[in-house]
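Colleague: Handing you this structure, nothing more for now.
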Amino acid sequence: MPAALKPLEDVVLLPHLGSATEEMRVAIGMKVVVNPTAFFEGRPVADRLARQPAPPSIQGAAIAAIDADRSGKQFGTEQRHQLS
83 MPAALKPLED
93 VVLLPHLGSA
103 TEEMRVAIGM
113 KVVVNPTAFF
123 EGRPVADRLA
133 RQPAPPSIQG
143 AAIAAIDADR
153 SGKQFGTEQR
163 HQLS
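Residue numbers (my numbering): 83 to 166.
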C-alpha cells in the first residue's frame with residue numbers, strides 16, 4: 083500500500099473482495115476436492131504450481147486422507163458424479 087494514502091481522510095481501503103460471490107466460493111470449494119483427487123489419480127490438475135509430481139510413496143499415504151465422495155456431498159449430486 084502506498085504510504086501516501088494512509089494519512090488521507092477521504093480514502094477508504096478495502097481488502098480484495100473478488101471472490102466473495104457465492105458462485106466463486108462454490109468453485110473454490112470444488113477445486114479443494116477435485117484438484118487433489120485428480121493429482122492422486124494421475125490426471126492433470128488445474129492451477130498446478132509444482133513442476134515435479136510427488137513420489138508414489140507420498141501419494142499412497144496422502145490419498146488415504148482424501149475422501150472426495152464424502153467431501154463433495156456438500157456441493158450436490160451432480161458435482162459428486164464429476165469426481166468419479
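Note that the Cβ used here is the ideal one computed from N, Cα and C, for glycine as well.
Remember, it's a predicted structure, so these values are computed and weren't measured experimentally.
(1) Where does Leu-87 sit, in a helix, a strand or coil, going by DSSP?
(2) Kindly indicate the opening and closing residues of the alpha helix (DSSP H) around Pro-137.
(3) Is it buried or exposed for Thr-103, if we count other Cβ within 10 angstroms and need 16 for buried?
(4) In terms of alpha-carbon separation, which member of Ala-128, Met-83, Leu-96, Ala-85 lies closest to Phe-116?
(5) Enumerate in chain order the residues of its own chain whose CB-to-CB distance from Lys-88 is below 7 Å, with the five nearest sequence positions on each side excluded.
(6) Specify the secondary structure class of Ala-120 as computed by DSSP and reduced to three states.
Modeller: Considering the structure as presented:
(1) helix
(2) Careful: Pro-137 lies outside any alpha helix (DSSP H) and carries neither H nor E.
(3) exposed
(4) The question names Phe, but residue 116 is Val in the sequence shown. The residue with the shortest Cα to Cα distance from Val-116 is Ala-128.
(5) none
(6) helix
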